[in-house]
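A quick write-up on the structure given underneath.
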Amino acid sequence: MPEPAPPTDAAAAAKSAKGHFRALTGYEDCSVTGVRPRQEGGWSVLLDVVELARIPASTSVIATYRVDVDGVGGLSGYERLRRYLKGATDG
């Protein structure tokens, strides 16, 4: 199997980050909410995921994770930044 191409743009970095995140956490459904290059190389990707689904959906718990990938698409780290209710607004 050939090695994946290094993420040279934001879309490729996001795809790589989502793949690593899914493999580590088992969360299948995640949304990219931010992507930016890191000063030391690679990319930092923000992912939102439903950690706890509830009824009504507006009370579901959402978490934002930062996933860092290096210049060749490998995982260099990830962490949960915050948790909030789906129905909450930033304020």
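Following our numbering, the numbering of the sequence shown begins with 1 at its first residue and continues without gaps.
Ideal Cβ placement from N, Cα and C applies to all residues, glycine included.
| Val72 to Ala13, Cα distance in whole Å? | For this step, residue 72 is matched to residue 72 along the sequence shown. For this step, residue 13 is matched to residue 13 along the sequence shown. Linking Val72 to Ala13 through their CA atoms gives a straight-line distance of about 9 Å.
| Going along the chain, which residues of its own chain have a beta-carbon closer than 8 Å to the beta-carbon of Glu79, five neighbours each way excluded? | The sequence position of residue 79 within the sequence shown is 79, counting from 1. Correct list, in chain order: Tyr65, Arg66.
| request: Tell me whether the beta-carbon of Cys30 lies closer than 8 Å to the beta-carbon of Leu52. | output: As a working note, residue 30 is residue 30 in the sequence shown. As a working note, residue 52 is residue 52 in the sequence shown. No, Cβ-Cβ distance for Cys30 and Leu52 is not below 8 Å.
| field | Of the residues Gly26, Leu24, Ala17, the one placed nearest Val32, counting alpha carbons only | value | Numbered from its first residue, the sequence shown carries residue 32 at position 32. For the residues Gly26, Leu24, Ala17, the minimum Cα distance to Val32 belongs to Ala17.
| query | Would you say Leu63 and Val49 are within 8 Å of each other, going by their C-beta atoms? | reply | In the sequence shown, counting from the first residue as 1, residue 63 sits at position 63. In the sequence shown, counting from the first residue as 1, residue 49 sits at position 49. It is worth fixing the name first, because residue 63 is Ala in this sequence and not Leu. Result yes, Cβ atoms of Ala63 and Val49 sit closer than 8 Å.
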